[in-house]
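Enquirer: Under this note's numbering, think of the first position of the sequence shown as 88, with each following residue one higher.
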Amino acid sequence: MFHSVSSKNVSFDAIITDPPYGIRAGARKSGTSKERTKVIPAERRHDHVPQTQVYPVSDVMSDLLTLAARSLTMGGRMVYLIPSLKDFDEGQDLPRHP
Numbered sequence: 088m089f090h091s092v093s094s095k096n097v098s099f100d101a102i103i104t105d106p107p108y109g110i111r112a113g114a115r116k117s118g119t120s121k122e123r124t125k126v127i128p129a130e131r132r133h134d135h136v137p138q139t140q141v142y143p144v145s146d147v148m149s150d151l152l153t154l155a156a157r158s159l160t161m162g163g164r165m166v167y168l169i170p171s172l173k174d175f176d177e178g179q180d181l182p183r184h185p
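#1: Near residue 188, which residues of its chain fall below 8 Å by C-beta distance, leaving aside the five closest residues on each side in sequence?
#2: Following the continuous beta strand (DSSP E) through residue 141, name the residue where it begins and the one where it ends.
#3: Are the segment 135-151 and the segment 171-180 touching by the rule of at least three beta carbon pairs closer than 8 Å?
#4: Leaving aside the five residues before and after residue 107 along the sequence, list all residues of the same chain whose C-beta is less than 6 Å from its C-beta, in chain order.
#5: When the Cα of residue 100 is compared with those of 164, 156, 169, which residue comes out closest?
#6: On the premise that residue 116 lies in contact with residue 139, defined as a C-beta separation below 8 Å, what is that separation, rounded to the nearest angstrom?
#7: Straight-line CA distance for residue 182 to residue 152?
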């Protein structure tokens with residue numbers, strides 16, 4: 088959704104999500120760490136499985152906050168689940184947009 092929303096001028100009143108934190112299965116995103124990429128021929132795209140790479144939690148949250156900043160209406164809300172421990176400190180542990 089990030090690419091389709093970030094390239095268009097759309098806005099939402101709210102975003103509700105449960106992002107992948109990588110706690111059990113490990114968060115991954117499409118892409119490659121290689122400098123040189125291959126172009127997939129059109130006749131092979133129907134069954135192509137794209138490469139993935141590790142998606143660190145800090146990047147997940149940064150991308151989510153960036154998406155919210157770009158696509159929420161003024162006064163809009165973003166609601167998301169964040170795993171926490173008993174010693175969770177909102178001031179220190181809660182992600183904030185730069």
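Here a beta-carbon is modelled for each residue, glycine too, at the ideal position from N, C-alpha and C.
Expert: In this structure, then:
#1: Outside the modelled stretch of the chain, which goes from 88 to 185, sits residue 188, for which no answer is possible.
#2: Taking the sequence shown and counting its residues from 1, one reaches residue 141 at position 54. Here the beta strand (DSSP E) through residue 141 covers 139-141.
#3: no
#4: For the purposes of this step, residue 107 is identified with residue 20 of the sequence shown, where counting begins at 1. Excluding sequence neighbours, residue 107 sits near 114.
#5: Along the sequence shown, read from residue 1 onward, the residue named residue 100 stands at position 13. The residue with the shortest Cα to Cα distance from residue 100 is 164.
#6: Locating residue 139 in the sequence shown gives position 52, where the first residue counts as 1. Locating residue 116 in the sequence shown gives position 29, where the first residue counts as 1. The Cβ separation is near 6 Å, so the contact holds.
#7: Within the sequence shown, the letter at position 95 stands for residue 182. Within the sequence shown, the letter at position 65 stands for residue 152. Straight-line Cα distance between these residues: approximately 8 Å.
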